Amino acid sequence: MLFERINASGVGLTIGSVGPSGAHSCVRNITFRNCTMYNTFKGIYLKSRPGNEIDTGEISDILYENIQIYNASQWAIWIGPQQAGFKGACSLLWPYIPEVACPIPSDSRKFKVNDPEYNTLKNFTGNEVSTSKYNLITFLPKNLFEQFHRLANVYFLFLLCLQSIPQISSLPAYTTVIPLCFVLTLTAVKDAIDDIGRHRSDKMVNNRRAQTIVGNEFVNKRWREINVGDIIQVSNDEFVAADIVIISTSEPNGLCYIETLELDGETNLKVRQSLEEIQEIGDDIDELSMFHAEIECELPNNNLNRFDGNLKWKNKIYPLKNDQVILRGTRLRNTQWLLGIVCYAGSDTKLMKNTNKASFKRSHIDHLLDKIIIGVLILLIFLCATMTIACTFWELSFGYYFREYLPWESYLSNKKTHAAVQIGFLVSLSYVINFSTVVPLSLYVSIEFVRLLQSKWIDWDVNMYYEPHNICAKVRTTTLNEELGQIEYIFSDKTGTLTQ
(Lines of atoms letter the chains of each structure in order from A and count residues from 1; the text may use other names and numbers.)
(Lines give C-alpha, C1' and ligand atoms only; values in the text may rest on other atoms or scores of the structure.)
Protein backbone atom coordinates (compact mmCIF):
# COMPACT_ATOMS: atom_id res chain seq x y z
CA MET A 1 0.00 0.00 0.00
CA LEU A 2 1.37 3.42 -0.98
CA PHE A 3 0.46 6.76 0.62
CA GLU A 4 1.94 9.53 -1.51
CA ARG A 5 1.67 13.35 -1.48
CA ILE A 6 -0.62 13.50 1.55
CA ASN A 7 -1.11 16.90 3.23
CA ALA A 8 -2.90 16.48 6.54
CA SER A 9 -3.61 18.47 9.69
CA GLY A 10 -5.54 17.97 12.90
CA VAL A 11 -5.62 14.34 14.01
CA GLY A 12 -3.23 13.21 11.28
CA LEU A 13 -3.19 9.74 9.71
CA THR A 14 -4.29 6.59 11.60
CA ILE A 15 -3.90 3.09 10.16
CA GLY A 16 -4.75 -0.17 11.98
CA SER A 17 -7.40 -2.22 13.72
CA VAL A 18 -10.73 -0.64 14.70
CA GLY A 19 -12.51 -3.97 15.42
CA PRO A 20 -13.84 -5.33 18.71
CA SER A 21 -11.66 -6.05 21.67
CA GLY A 22 -9.62 -9.19 21.23
CA ALA A 23 -9.44 -8.95 17.45
CA HIS A 24 -6.06 -9.61 15.91
CA SER A 25 -4.80 -7.54 12.99
CA CYS A 26 -1.56 -6.77 11.20
CA VAL A 27 -0.15 -3.68 9.48
CA ARG A 28 2.25 -4.60 6.69
CA ASN A 29 3.82 -3.34 3.45
CA ILE A 30 3.01 0.36 3.72
CA THR A 31 5.05 3.14 2.11
CA PHE A 32 4.71 6.80 3.08
CA ARG A 33 6.24 9.05 0.42
CA ASN A 34 6.36 12.86 0.13
CA CYS A 35 3.82 13.38 2.93
CA THR A 36 3.42 16.55 5.01
CA MET A 37 1.64 16.80 8.39
CA TYR A 38 1.20 20.14 10.14
CA ASN A 39 -0.38 21.22 13.44
CA THR A 40 -1.27 17.60 14.18
CA PHE A 41 -2.28 15.91 17.39
CA LYS A 42 -0.97 12.60 16.09
CA GLY A 43 1.17 12.62 12.99
CA ILE A 44 1.19 9.02 11.76
CA TYR A 45 -0.49 6.43 14.01
CA LEU A 46 -0.04 2.73 13.24
CA LYS A 47 -1.78 0.22 15.56
CA SER A 48 -2.49 -3.47 15.44
CA ARG A 49 -5.15 -3.66 18.23
CA PRO A 50 -8.09 -1.41 19.02
CA GLY A 51 -8.63 0.97 21.87
CA ASN A 52 -6.15 1.12 24.72
CA GLU A 53 -5.25 -2.57 24.70
CA ILE A 54 -1.69 -3.71 24.26
CA ASP A 55 -0.76 -4.06 20.61
CA THR A 56 0.25 -7.63 19.91
CA GLY A 57 -0.33 -7.83 16.16
CA GLU A 58 2.42 -7.62 13.60
CA ILE A 59 3.66 -4.29 12.23
CA SER A 60 6.31 -4.76 9.56
CA ASP A 61 7.73 -3.48 6.25
CA ILE A 62 6.95 0.18 6.90
CA LEU A 63 8.94 2.52 4.63
CA TYR A 64 9.28 6.31 4.98
CA GLU A 65 10.55 8.59 2.20
CA ASN A 66 10.65 12.37 2.63
CA ILE A 67 8.18 12.68 5.51
CA GLN A 68 7.82 16.18 7.02
CA ILE A 69 5.90 16.77 10.24
CA TYR A 70 5.50 20.24 11.76
CA ASN A 71 4.23 21.10 15.25
CA ALA A 72 3.05 17.65 16.35
CA SER A 73 1.48 18.40 19.73
CA GLN A 74 1.55 14.85 21.17
CA TRP A 75 3.76 12.69 19.01
CA ALA A 76 5.05 12.59 15.48
CA ILE A 77 4.88 8.84 14.87
CA TRP A 78 3.31 6.13 17.00
CA ILE A 79 4.00 2.52 16.09
CA GLY A 80 2.29 -0.12 18.17
CA PRO A 81 2.68 0.59 21.87
CA GLN A 82 5.84 2.60 21.32
CA GLN A 83 6.18 6.28 20.72
CA ALA A 84 8.61 7.36 18.04
CA GLY A 85 9.85 10.61 16.63
CA PHE A 86 9.90 14.00 18.36
CA LYS A 87 7.38 15.64 20.62
CA GLY A 88 6.58 19.26 19.89
CA ALA A 89 7.84 21.09 16.82
CA CYS A 90 10.12 19.42 14.34
CA SER A 91 11.05 20.66 10.90
CA LEU A 92 12.01 17.35 9.32
CA LEU A 93 11.19 13.90 10.61
CA TRP A 94 13.19 10.89 9.66
CA PRO A 95 12.14 7.27 10.38
CA TYR A 96 12.72 6.66 14.06
CA ILE A 97 11.66 3.68 16.16
CA PRO A 98 13.20 3.42 19.66
CA GLU A 99 15.72 0.61 20.04
CA VAL A 100 15.32 -0.35 16.38
CA ALA A 101 18.30 0.47 14.19
CA CYS A 102 18.08 2.33 10.90
CA PRO A 103 18.91 0.06 7.97
CA ILE A 104 22.66 0.23 7.36
CA PRO A 105 24.31 -1.54 4.41
CA SER A 106 26.28 -4.66 5.25
CA ASP A 107 29.48 -3.00 4.06
CA SER A 108 29.34 -0.34 6.78
CA ARG A 109 31.96 0.92 9.21
CA LYS A 110 31.77 0.40 12.95
CA PHE A 111 33.87 2.09 15.61
CA LYS A 112 33.85 2.83 19.33
CA VAL A 113 34.08 6.19 21.03
CA ASN A 114 37.11 6.77 23.27
CA ASP A 115 38.57 3.37 22.34
CA PRO A 116 41.72 3.98 20.24
CA GLU A 117 42.94 0.40 20.59
CA TYR A 118 39.77 -1.02 19.02
CA ASN A 119 39.68 1.61 16.29
CA THR A 120 43.35 1.08 15.42
CA LEU A 121 42.58 -2.51 14.46
CA LYS A 122 40.08 -1.21 11.90
CA ASN A 123 42.83 0.65 10.00
CA PHE A 124 40.77 3.78 9.50
CA THR A 125 42.29 6.61 7.49
CA GLY A 126 44.11 9.25 9.52
CA ASN A 127 43.16 12.90 9.43
CA GLU A 128 46.17 14.07 7.40
CA VAL A 129 45.23 15.32 3.94
CA SER A 130 47.27 15.95 0.81
CA THR A 131 46.28 17.95 -2.27
CA SER A 132 49.71 17.99 -3.91
CA LYS A 133 50.53 16.37 -7.25
CA TYR A 134 54.15 15.31 -6.75
CA ASN A 135 56.70 14.17 -4.22
CA LEU A 136 60.49 13.93 -4.46
CA ILE A 137 60.34 10.52 -6.12
CA THR A 138 57.49 11.04 -8.58
CA PHE A 139 58.20 14.63 -9.62
CA LEU A 140 60.66 14.06 -12.48
CA PRO A 141 58.98 11.11 -14.27
CA LYS A 142 55.43 12.37 -13.72
CA ASN A 143 56.21 15.93 -14.76
CA LEU A 144 58.04 14.82 -17.91
CA PHE A 145 55.15 12.52 -18.78
CA GLU A 146 52.73 15.44 -18.43
CA GLN A 147 54.91 17.79 -20.46
CA PHE A 148 55.11 15.36 -23.35
CA HIS A 149 51.34 15.55 -23.65
CA ARG A 150 52.19 18.78 -25.44
CA LEU A 151 52.47 18.03 -29.15
CA ALA A 152 55.34 20.45 -29.77
CA ASN A 153 57.53 18.70 -27.19
CA VAL A 154 56.89 15.35 -28.87
CA TYR A 155 57.82 16.89 -32.22
CA PHE A 156 61.11 18.30 -30.94
CA LEU A 157 61.95 14.99 -29.29
CA PHE A 158 61.43 13.30 -32.66
CA LEU A 159 63.57 16.00 -34.27
CA LEU A 160 66.32 15.34 -31.73
CA CYS A 161 66.32 11.66 -32.68
CA LEU A 162 66.73 12.60 -36.36
CA GLN A 163 69.59 14.97 -35.62
CA SER A 164 71.47 12.18 -33.88
CA ILE A 165 71.82 10.43 -37.29
CA PRO A 166 74.86 12.02 -38.99
CA GLN A 167 73.96 10.76 -42.51
CA ILE A 168 70.85 12.97 -42.69
CA SER A 169 71.57 15.84 -40.30
CA SER A 170 73.41 18.98 -41.25
CA LEU A 171 72.99 20.39 -37.72
CA PRO A 172 74.50 19.09 -34.48
CA ALA A 173 72.08 17.58 -31.96
CA TYR A 174 72.79 20.22 -29.31
CA THR A 175 70.96 22.84 -31.41
CA THR A 176 67.74 21.10 -30.38
CA VAL A 177 68.80 19.59 -27.06
CA ILE A 178 69.59 22.94 -25.42
CA PRO A 179 66.31 24.73 -26.32
CA LEU A 180 64.18 21.66 -25.53
CA CYS A 181 65.85 21.13 -22.15
CA PHE A 182 65.42 24.82 -21.39
CA VAL A 183 61.67 24.67 -22.07
CA LEU A 184 61.23 21.45 -20.09
CA THR A 185 63.25 22.84 -17.17
CA LEU A 186 61.36 26.13 -17.12
CA THR A 187 57.99 24.36 -17.08
CA ALA A 188 59.20 21.90 -14.43
CA VAL A 189 60.39 24.73 -12.18
CA LYS A 190 57.05 26.49 -12.55
CA ASP A 191 55.14 23.28 -11.74
CA ALA A 192 57.43 22.66 -8.77
CA ILE A 193 56.70 26.13 -7.40
CA ASP A 194 52.96 25.49 -7.73
CA ASP A 195 53.23 22.14 -5.96
CA ILE A 196 55.42 23.52 -3.19
CA GLY A 197 52.60 25.97 -2.52
CA ARG A 198 50.18 23.04 -2.23
CA HIS A 199 52.52 21.25 0.17
CA ARG A 200 52.74 24.36 2.32
CA SER A 201 48.97 24.76 2.32
CA ASP A 202 48.53 21.10 3.30
CA LYS A 203 51.08 21.48 6.09
CA MET A 204 49.33 24.56 7.43
CA VAL A 205 45.95 22.77 7.47
CA ASN A 206 47.32 19.54 8.95
CA ASN A 207 49.06 21.47 11.74
CA ARG A 208 45.97 23.35 12.88
CA ARG A 209 45.07 22.66 16.49
CA ALA A 210 41.93 21.14 18.02
CA GLN A 211 40.99 20.32 21.60
CA THR A 212 40.71 16.53 21.91
CA ILE A 213 39.78 14.41 24.91
CA VAL A 214 42.61 12.09 25.94
CA GLY A 215 42.04 10.23 29.17
CA ASN A 216 40.41 12.64 31.56
CA GLU A 217 41.54 15.93 30.06
CA PHE A 218 41.53 18.07 26.93
CA VAL A 219 44.72 17.88 24.87
CA ASN A 220 45.64 20.36 22.14
CA LYS A 221 46.26 18.06 19.16
CA ARG A 222 47.22 18.79 15.58
CA TRP A 223 44.54 17.97 13.05
CA ARG A 224 46.72 15.25 11.49
CA GLU A 225 46.89 13.49 14.87
CA ILE A 226 43.10 13.19 15.22
CA ASN A 227 41.58 9.75 14.61
CA VAL A 228 38.17 8.16 14.16
CA GLY A 229 36.40 7.78 17.51
CA ASP A 230 38.05 10.80 19.14
CA ILE A 231 35.93 13.44 20.84
CA ILE A 232 36.93 16.95 19.78
CA GLN A 233 35.82 20.41 20.82
CA VAL A 234 35.16 23.17 18.29
CA SER A 235 34.93 26.79 19.40
CA ASN A 236 33.03 29.64 17.78
CA ASP A 237 34.40 30.74 14.35
CA GLU A 238 36.66 27.67 14.14
CA PHE A 239 36.70 25.20 11.27
CA VAL A 240 35.69 21.61 11.97
CA ALA A 241 38.68 19.25 11.73
CA ALA A 242 36.77 16.17 10.51
CA ASP A 243 33.26 14.85 9.94
CA ILE A 244 31.77 14.62 13.42
CA VAL A 245 28.59 13.47 15.16
CA ILE A 246 27.37 16.11 17.61
CA ILE A 247 27.32 15.21 21.30
CA SER A 248 26.43 18.53 22.88
CA THR A 249 26.69 22.27 22.35
CA SER A 250 26.64 25.46 24.39
CA GLU A 251 23.14 26.26 23.09
CA PRO A 252 19.88 24.93 24.58
CA ASN A 253 18.52 21.64 23.19
CA GLY A 254 21.87 20.84 21.60
CA LEU A 255 21.45 23.30 18.75
CA CYS A 256 24.33 24.86 16.83
CA TYR A 257 24.78 27.05 13.77
CA ILE A 258 27.24 26.32 10.99
CA GLU A 259 28.48 28.01 7.84
CA THR A 260 29.06 25.72 4.85
CA LEU A 261 30.75 28.24 2.56
CA GLU A 262 33.72 25.93 1.94
CA LEU A 263 31.42 23.04 1.02
CA ASP A 264 28.61 24.39 -1.15
CA GLY A 265 29.31 28.13 -1.38
CA GLU A 266 26.27 29.10 0.70
CA THR A 267 26.76 31.86 3.26
CA ASN A 268 23.47 31.45 5.10
CA LEU A 269 23.75 29.63 8.41
CA LYS A 270 22.39 26.11 8.84
CA VAL A 271 21.10 24.51 12.03
CA ARG A 272 22.28 21.20 13.43
CA GLN A 273 21.14 19.45 16.61
CA SER A 274 22.49 16.64 18.73
CA LEU A 275 20.47 13.65 19.90
CA GLU A 276 18.23 14.53 22.81
CA GLU A 277 19.40 11.46 24.73
CA ILE A 278 23.08 12.47 24.80
CA GLN A 279 23.02 16.26 24.79
CA GLU A 280 22.61 16.27 28.56
CA ILE A 281 26.28 15.23 28.84
CA GLY A 282 27.22 18.84 28.13
CA ASP A 283 30.90 19.65 28.56
CA ASP A 284 31.44 17.56 31.69
CA ILE A 285 34.93 16.17 31.16
CA ASP A 286 34.30 13.17 33.43
CA GLU A 287 31.17 12.08 31.58
CA LEU A 288 32.80 12.71 28.21
CA SER A 289 35.82 10.58 29.09
CA MET A 290 33.48 7.77 30.20
CA PHE A 291 31.28 8.06 27.11
CA HIS A 292 31.84 4.64 25.51
CA ALA A 293 29.28 4.46 22.74
CA GLU A 294 29.44 2.44 19.55
CA ILE A 295 28.62 3.93 16.15
CA GLU A 296 27.81 2.09 12.96
CA CYS A 297 27.46 4.18 9.81
CA GLU A 298 27.66 3.99 6.05
CA LEU A 299 30.99 3.84 4.27
CA PRO A 300 32.64 7.14 3.28
CA ASN A 301 30.96 8.77 0.30
CA ASN A 302 30.63 12.17 -1.37
CA ASN A 303 26.94 12.81 -0.64
CA LEU A 304 26.88 16.04 1.39
CA ASN A 305 23.16 15.81 2.20
CA ARG A 306 22.89 12.28 3.47
CA PHE A 307 24.16 10.36 6.47
CA ASP A 308 22.80 7.08 7.85
CA GLY A 309 24.03 5.59 11.07
CA ASN A 310 23.20 4.26 14.51
CA LEU A 311 24.59 5.13 17.92
CA LYS A 312 24.46 2.38 20.53
CA TRP A 313 24.72 3.60 24.10
CA LYS A 314 23.55 2.04 27.36
CA ASN A 315 22.04 -0.91 25.48
CA LYS A 316 19.86 1.38 23.38
CA ILE A 317 20.15 2.25 19.71
CA TYR A 318 19.58 5.78 18.44
CA PRO A 319 19.45 6.49 14.70
CA LEU A 320 21.74 9.18 13.33
CA LYS A 321 20.89 11.36 10.36
CA ASN A 322 22.41 14.31 8.54
CA ASP A 323 21.03 16.75 11.12
CA GLN A 324 23.34 15.26 13.78
CA VAL A 325 26.49 15.48 11.64
CA ILE A 326 28.84 18.39 10.90
CA LEU A 327 31.26 18.01 8.02
CA ARG A 328 34.91 18.95 7.72
CA GLY A 329 35.35 22.41 6.22
CA THR A 330 32.31 23.93 7.91
CA ARG A 331 32.74 26.77 10.38
CA LEU A 332 30.94 27.04 13.71
CA ARG A 333 28.97 30.28 14.04
CA ASN A 334 27.03 31.95 16.85
CA THR A 335 27.76 28.99 19.13
CA GLN A 336 30.28 29.20 21.94
CA TRP A 337 31.43 25.58 21.73
CA LEU A 338 30.53 22.20 20.35
CA LEU A 339 31.62 18.66 21.17
CA GLY A 340 31.53 15.88 18.59
CA ILE A 341 32.70 12.37 17.74
CA VAL A 342 34.94 11.93 14.71
CA CYS A 343 33.25 9.49 12.29
CA TYR A 344 35.23 10.21 9.09
CA ALA A 345 38.77 11.59 8.99
CA GLY A 346 41.20 12.80 6.34
CA SER A 347 40.55 11.57 2.83
CA ASP A 348 37.39 9.77 4.01
CA THR A 349 35.61 13.04 4.84
CA LYS A 350 32.87 14.19 2.51
CA LEU A 351 34.82 17.36 1.72
CA MET A 352 37.81 15.39 0.46
CA LYS A 353 35.57 12.91 -1.35
CA ASN A 354 34.23 15.88 -3.32
CA THR A 355 37.72 17.25 -3.94
CA ASN A 356 39.36 15.94 -7.08
CA LYS A 357 42.95 14.84 -6.74
CA ALA A 358 45.31 17.40 -8.24
CA SER A 359 45.75 16.30 -11.83
CA PHE A 360 47.27 17.51 -15.05
CA LYS A 361 45.00 20.07 -16.69
CA ARG A 362 45.41 21.86 -19.98
CA SER A 363 43.87 25.18 -20.91
CA HIS A 364 42.00 26.12 -24.06
CA ILE A 365 45.14 27.90 -25.27
CA ASP A 366 47.12 24.67 -25.01
CA HIS A 367 44.51 22.79 -27.02
CA LEU A 368 44.39 25.61 -29.57
CA LEU A 369 48.18 25.56 -29.93
CA ASP A 370 48.07 21.80 -30.49
CA LYS A 371 45.60 22.32 -33.33
CA ILE A 372 47.82 25.02 -34.82
CA ILE A 373 50.85 22.76 -34.50
CA ILE A 374 48.96 20.00 -36.33
CA GLY A 375 48.26 22.46 -39.16
CA VAL A 376 51.92 23.50 -39.24
CA LEU A 377 53.02 19.85 -39.29
CA ILE A 378 50.68 19.15 -42.20
CA LEU A 379 52.30 22.06 -44.05
CA LEU A 380 55.73 20.70 -43.11
CA ILE A 381 54.83 17.24 -44.41
CA PHE A 382 53.54 18.77 -47.64
CA LEU A 383 56.77 20.74 -48.15
CA CYS A 384 58.97 17.75 -47.34
CA ALA A 385 56.92 15.49 -49.62
CA THR A 386 57.17 18.00 -52.47
CA MET A 387 60.91 18.34 -52.03
CA THR A 388 61.33 14.58 -51.76
CA ILE A 389 59.43 13.91 -54.98
CA ALA A 390 61.44 16.58 -56.79
CA CYS A 391 64.70 15.15 -55.43
CA THR A 392 63.75 11.62 -56.47
CA PHE A 393 62.96 12.70 -60.03
CA TRP A 394 66.20 14.66 -60.19
CA GLU A 395 68.17 11.65 -59.03
CA LEU A 396 66.49 9.48 -61.66
CA SER A 397 67.17 12.02 -64.40
CA PHE A 398 70.54 13.51 -63.51
CA GLY A 399 71.87 12.35 -60.16
CA TYR A 400 72.76 8.88 -61.38
CA TYR A 401 75.45 10.36 -63.62
CA PHE A 402 77.28 11.80 -60.59
CA ARG A 403 78.12 8.35 -59.25
CA GLU A 404 81.69 8.75 -60.45
CA TYR A 405 82.09 11.52 -57.87
CA LEU A 406 79.67 10.05 -55.31
CA PRO A 407 80.03 6.26 -55.51
CA TRP A 408 76.63 4.75 -54.77
CA GLU A 409 77.72 1.18 -54.62
CA SER A 410 79.27 1.61 -51.17
CA TYR A 411 75.99 2.51 -49.48
CA LEU A 412 73.17 2.46 -52.09
CA SER A 413 71.61 -0.09 -54.40
CA ASN A 414 73.18 -0.76 -57.78
CA LYS A 415 69.82 -0.28 -59.43
CA LYS A 416 69.15 3.25 -60.55
CA THR A 417 65.50 3.35 -59.40
CA HIS A 418 66.17 1.83 -55.99
CA ALA A 419 69.06 4.20 -55.37
CA ALA A 420 66.95 7.24 -56.27
CA VAL A 421 64.19 6.17 -53.86
CA GLN A 422 66.71 5.61 -51.07
CA ILE A 423 68.22 9.04 -51.61
CA GLY A 424 64.76 10.60 -51.70
CA PHE A 425 63.85 8.99 -48.37
CA LEU A 426 67.05 10.19 -46.68
CA VAL A 427 66.65 13.68 -48.14
CA SER A 428 63.05 13.83 -46.84
CA LEU A 429 64.34 13.34 -43.29
CA SER A 430 66.94 16.04 -43.89
CA TYR A 431 64.20 18.42 -44.99
CA VAL A 432 62.30 17.71 -41.75
CA ILE A 433 65.37 18.95 -39.87
CA ASN A 434 65.95 21.93 -42.17
CA PHE A 435 62.30 23.06 -41.95
CA SER A 436 62.05 22.46 -38.18
CA THR A 437 61.96 26.19 -37.46
CA VAL A 438 58.37 26.39 -38.74
CA VAL A 439 57.38 25.07 -35.28
CA PRO A 440 58.40 27.89 -32.91
CA LEU A 441 59.86 26.48 -29.72
CA SER A 442 60.35 30.04 -28.45
CA LEU A 443 56.56 30.50 -28.44
CA TYR A 444 56.20 28.06 -25.55
CA VAL A 445 58.99 29.76 -23.63
CA SER A 446 57.18 33.07 -24.02
CA ILE A 447 53.86 31.56 -22.90
CA GLU A 448 55.42 30.07 -19.76
CA PHE A 449 56.99 33.41 -18.83
CA VAL A 450 53.71 35.24 -19.43
CA ARG A 451 51.78 32.76 -17.28
CA LEU A 452 54.28 33.04 -14.44
CA LEU A 453 54.28 36.85 -14.45
CA GLN A 454 50.50 36.99 -14.82
CA SER A 455 50.00 34.73 -11.80
CA LYS A 456 52.19 37.02 -9.70
CA TRP A 457 50.25 40.02 -10.97
CA ILE A 458 47.00 38.41 -9.79
CA ASP A 459 48.54 37.63 -6.39
CA TRP A 460 49.69 41.26 -6.00
CA ASP A 461 46.54 42.92 -7.37
CA VAL A 462 45.28 45.36 -4.72
CA ASN A 463 41.83 45.48 -6.32
CA MET A 464 41.41 41.77 -5.55
CA TYR A 465 42.23 42.19 -1.85
CA TYR A 466 39.39 41.98 0.72
CA GLU A 467 40.56 43.98 3.72
CA PRO A 468 37.85 43.07 6.32
CA HIS A 469 38.88 39.39 6.26
CA ASN A 470 42.49 39.97 5.13
CA ILE A 471 41.97 37.75 2.07
CA CYS A 472 43.74 38.24 -1.25
CA ALA A 473 43.56 36.46 -4.58
CA LYS A 474 45.74 33.37 -4.79
CA VAL A 475 46.77 31.55 -7.96
CA ARG A 476 47.13 27.85 -7.19
CA THR A 477 47.79 26.63 -10.74
CA THR A 478 49.67 28.98 -13.05
CA THR A 479 48.90 26.90 -16.16
CA LEU A 480 45.22 27.89 -16.13
CA ASN A 481 45.33 31.69 -15.85
CA GLU A 482 43.88 32.25 -19.30
CA GLU A 483 40.84 30.11 -18.45
CA LEU A 484 39.44 33.11 -16.57
CA GLY A 485 39.05 34.84 -19.92
CA GLN A 486 36.97 31.96 -21.31
CA ILE A 487 34.00 32.52 -18.97
CA GLU A 488 30.97 33.85 -20.85
CA TYR A 489 28.13 33.23 -18.39
CA ILE A 490 27.84 32.81 -14.62
CA PHE A 491 24.69 31.08 -13.36
CA SER A 492 23.61 31.64 -9.78
CA ASP A 493 20.59 30.70 -7.70
CA LYS A 494 19.09 32.96 -5.06
CA THR A 495 21.67 31.93 -2.44
CA GLY A 496 24.55 32.97 -4.67
CA THR A 497 25.84 29.43 -5.15
CA LEU A 498 27.69 29.05 -8.44
CA THR A 499 26.27 26.37 -10.71
CA GLN A 500 28.31 24.64 -13.35
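Each residue of the sequence shown is one higher than the last, beginning at 1 in UniProt numbering.
No residue lacks a Cβ here, since even glycine has one placed at the ideal position from N, Cα and C.
Nothing here was measured: the structure is a model prediction, and the numbers come from that model.
Query - Close-in-space but distant-in-sequence residues of the same chain around residue 428 (CB under 6 Å, 5 per side omitted) - result: Position 428 of the sequence shown holds residue 428. Only 384 and 388 meet the Cβ criterion.
Report task. Can you say whether residue 436 is buried or exposed, counting buried as having 16 or more other CB atoms within 10 angstroms of its CB? Result -> Translated into positions along the sequence shown, residue 436 becomes position 436. Residue 436 is buried by the Cβ-count criterion.
Query raised in the report: What is the rounded straight-line gap between the Cα of residue 363 and the Cα of residue 374?
Result: On the sequence shown, residue 363 is found 363 positions in, with the first residue counted as 1. On the sequence shown, residue 374 is found 374 positions in, with the first residue counted as 1. For residue 363 and residue 374, the distance between alpha carbons rounds to 17 Å.
Requested in this report: Work out the CA separation of residue 306 and residue 111 for me, nearest whole Å.
Outcome: Here residue 111 corresponds to residue number 111 of the sequence shown, with the count starting at 1. Here residue 306 corresponds to residue number 306 of the sequence shown, with the count starting at 1. Computed Cα separation, rounded: 19 Å.
Report task. Take the Cβ of residue 342 as the centre, count every other Cβ of all protein chains shown within 10 Å, and call the residue buried at 16 or more, exposed below. Result -> As a first step, residue 342 must be located in the sequence shown, where it is residue number 342. By the 10 Å Cβ count, residue 342 comes out buried.
Query raised in the report: What are the residues that DSSP puts in a beta bridge with residue 243?
Result: Here residue 243 is taken as the residue at index 243 of the sequence shown, counted from 1. Answer by DSSP bridge pairing, in chain order: 344.
Query raised in the report: Could you give the distance in angstroms between the alpha-carbon of residue 301 and the alpha-carbon of residue 324?
Result: Start at 1 with the first residue of the sequence shown, and residue 301 comes out as number 301. Start at 1 with the first residue of the sequence shown, and residue 324 comes out as number 324. Taking the straight line from one Cα to the other gives about 17 Å.
Report task. List the DSSP bridge partners of residue 181. Result -> The sequence position of residue 181 within the sequence shown is 181, counting from 1. According to DSSP, which records beta bridges pairwise, residue 181 is partnered with nothing at all.
Query raised in the report: Is the beta carbon of residue 156 less than 7 Å from the beta carbon of residue 176?
Result: Here residue 156 is taken as the residue at index 156 of the sequence shown, counted from 1. Here residue 176 is taken as the residue at index 176 of the sequence shown, counted from 1. Taking 7 Å as the Cβ cut-off, residue 156 and residue 176 qualify as a contacting pair.
Query - Straight-line gap, residue 483 to residue 304 (C-alpha atoms, nearest Å) - result: As a position in the sequence shown, residue 483 is number 483, starting the count at 1. As a position in the sequence shown, residue 304 is number 304, starting the count at 1. For residue 483 and residue 304, the distance between alpha carbons rounds to 28 Å.
Query - Of the residues 244, 215, 201 and 440, the one placed nearest residue 502, counting alpha carbons only - result: An answer regarding residue 502 cannot be provided, because it is not within the stretch 1 to 500 covered by the chain.
Report task. Would you mind reading off the limits of the alpha helix (DSSP H) that contains residue 119? Result -> Position 119 of the sequence shown, counting from 1, holds the residue named residue 119. Segment 116-121, the alpha helix (DSSP H) holding residue 119.
Query raised in the report: In whole angstroms, what separates the C-alpha of residue 249 from that of residue 128?
Result: Counted from its first residue, the sequence shown places residue 249 at position 249. Counted from its first residue, the sequence shown places residue 128 at position 128. Spanning the two alpha carbons is a distance of roughly 26 Å.
Query - 7 Å Cβ cutoff met for residue 228 and residue 234 - result: Indexing the sequence shown from 1 puts residue 228 at position 228. Indexing the sequence shown from 1 puts residue 234 at position 234. Contact flag unset, no.
Query raised in the report: So, residue 329 versus residue 320, is the Cβ gap smaller than 7 Å?
Result: Residue mapping note: residue 329 aligns to position 329 of the sequence shown, counting from 1. Residue mapping note: residue 320 aligns to position 320 of the sequence shown, counting from 1. Going by C-beta atoms, residue 329 is not nearer than 7 Å to residue 320.
Report task. Less than 8 Å between the CB atoms is what I'm expecting for residue 130 and residue 195, so what's the real figure, rounded? Result -> Translated into positions along the sequence shown, residue 130 becomes position 130. Translated into positions along the sequence shown, residue 195 becomes position 195. Not a contact, Cβ separation roughly 11 Å.
Query raised in the report: What is the DSSP secondary structure of residue 163, reduced to helix, strand or coil?
Result: Within the sequence shown, numbered from 1, the residue matching residue 163 stands at position 163. Residue state, collapsed to three classes: helix.
**Report entry** Alpha-carbon spacing of residue 190 relative to residue 205, whole angstroms
**Finding:** If you number the sequence shown from 1, residue 190 lands on position 190. If you number the sequence shown from 1, residue 205 lands on position 205. In this structure, the straight-line span from the alpha carbon of residue 190 to that of residue 205 is close to 23 Å.
Query raised in the report: Taking C-alpha atoms, which residue in 219, 269, 348 and 352 lies nearest to residue 289?
Result: As a position in the sequence shown, residue 289 is number 289, starting the count at 1. If we check each option's Cα against that of residue 289, 219 comes out closest.
**Report entry** Contact under 7 Å by Cβ, residue 269 with residue 333
**Finding:** What you label residue 269 is simply residue 269 of the sequence shown in a count that begins at 1. What you label residue 333 is simply residue 333 of the sequence shown in a count that begins at 1. Result yes, Cβ atoms of residue 269 and residue 333 sit closer than 7 Å.
Query raised in the report: Of the choices 464, 292 and 286, whose alpha-carbon is the least far from that of residue 118?
Result: Here the question's residue 118 lines up with position 118 in the sequence shown. If we check each option's Cα against that of residue 118, 292 comes out closest.
Report task. Determine the contact status of residue 331 and residue 225, defining contact as a CB-CB distance below 7 Å. Result -> Indexing the sequence shown from 1 puts residue 331 at position 331. Indexing the sequence shown from 1 puts residue 225 at position 225. At a Cβ-Cβ threshold of 7 Å, residue 331 and residue 225 do not count as neighbours.
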